[in-house]
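Heads up, the sequence shown is in the working numbering, so the first residue is 49 and it goes up one at a time.
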Amino acid sequence: MAARRQARYPEGPSPALTDPHMLLRHSPTSPFVRKVRVAAAILGIALELEPADTLDANDTLRQQNPLGKIPALLTGDGEVLFDSSVILAYLDHLAGDGRILPIEPTARIKVLRREALVDGMMDAAILILYEARFRPQEKHEARWLEHQAGKRLRALDALEAEVEPYSGTPNVGDIALACALGWFDFRFAGDWRADHPKLVAWFDAFSAAHPQFADSTPVA
49 MAARRQARYP EGPSPALTDP HMLLRHSPTS PFVRKVRVAA AILGIALELE PADTLDANDT
109 LRQQNPLGKI PALLTGDGEV LFDSSVILAY LDHLAGDGRI LPIEPTARIK VLRREALVDG
169 MMDAAILILY EARFRPQEKH EARWLEHQAG KRLRALDALE AEVEPYSGTP NVGDIALACA
229 LGWFDFRFAG DWRADHPKLV AWFDAFSAAH PQFADSTPVA
């Protein structure tokens, strides 16, 4: 198994938020992993990173997460947390609650709705990518691909309609959205930009406000 490496961020975690046993099983190109890394950086929480191969039956990931998916966070008390939304809620709790996940019920539901919309959009986009990667062209199902592409486009259009100028105070919905748009730049050559100018402006503002976001930019 690949050697572990310690990931720390410019602002540095406070001692109370440092857990030497908190290990993130990851892939550097996963947008869901990036959500966790960006949230941890914003909160000043140190994570130890260990690569995972989701297709390798011998990788211990499948014993840690029965679904064999990333991200999976191994905590100091022996728990394994997944998926990314659960991990972000845990990190927010670790940081004192209310930092990236509002405590007030109405605000909390609004933010969680945004996160769910973005996560579903990313799921659809990943399925499109996997269809191209793992199935020969002659076996592609056009109707199914159109269905997934429709999910992605409708979500982008909905987000374009509802997004407001970035406030500078991130929440889990913001983090998810930034990671999704960054991943679309990486995997879909930024095809979302031409028709979604408000999202472009929002993304640029988020990126400028959080320099550590660039630290986890996926590289082919």
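No residue lacks a Cβ here, since even glycine has one placed at the ideal position from N, Cα and C.
How do the region 207-215 and the region 140-150 stand: do at least 3 beta-carbon pairs fall below 8 Å, yes or no?
no
What does the alpha-carbon distance come out to for the pair Asp252 and Asp239?
16 Å
Exposed unless 16 or more other CB atoms sit within 10 angstroms - verdict on Tyr178
exposed
From Ile118 to Leu175, what does the alpha carbon distance come to, in whole angstroms?
15 Å
With the cut-off set at 7 Å, would you say Ala228 and Pro76 are in Cβ contact?
no
Measure the CB-CB distance between His244 and Leu201 and report whether it falls below 7 Å.
no
Proximity winner among Asp104, Arg161, Ala256, Leu115, relative to Asn219 (alpha-carbon distances)
Arg161
So who's on the other strand from Val128, going by DSSP bridges?
Leu122
To which residues of the same chain is Val128 closer than 8 Å at the C-beta, ignoring the five residues directly before and after it?
Gln112, Asn113, Ala120, Leu121, Leu122
Which residues does DSSP pair with His74 in a beta bridge?
Pro99
Assign Val84 to one of two classes, buried (16 or more other C-beta atoms within 10 Å of its C-beta) or exposed (fewer than that).
buried
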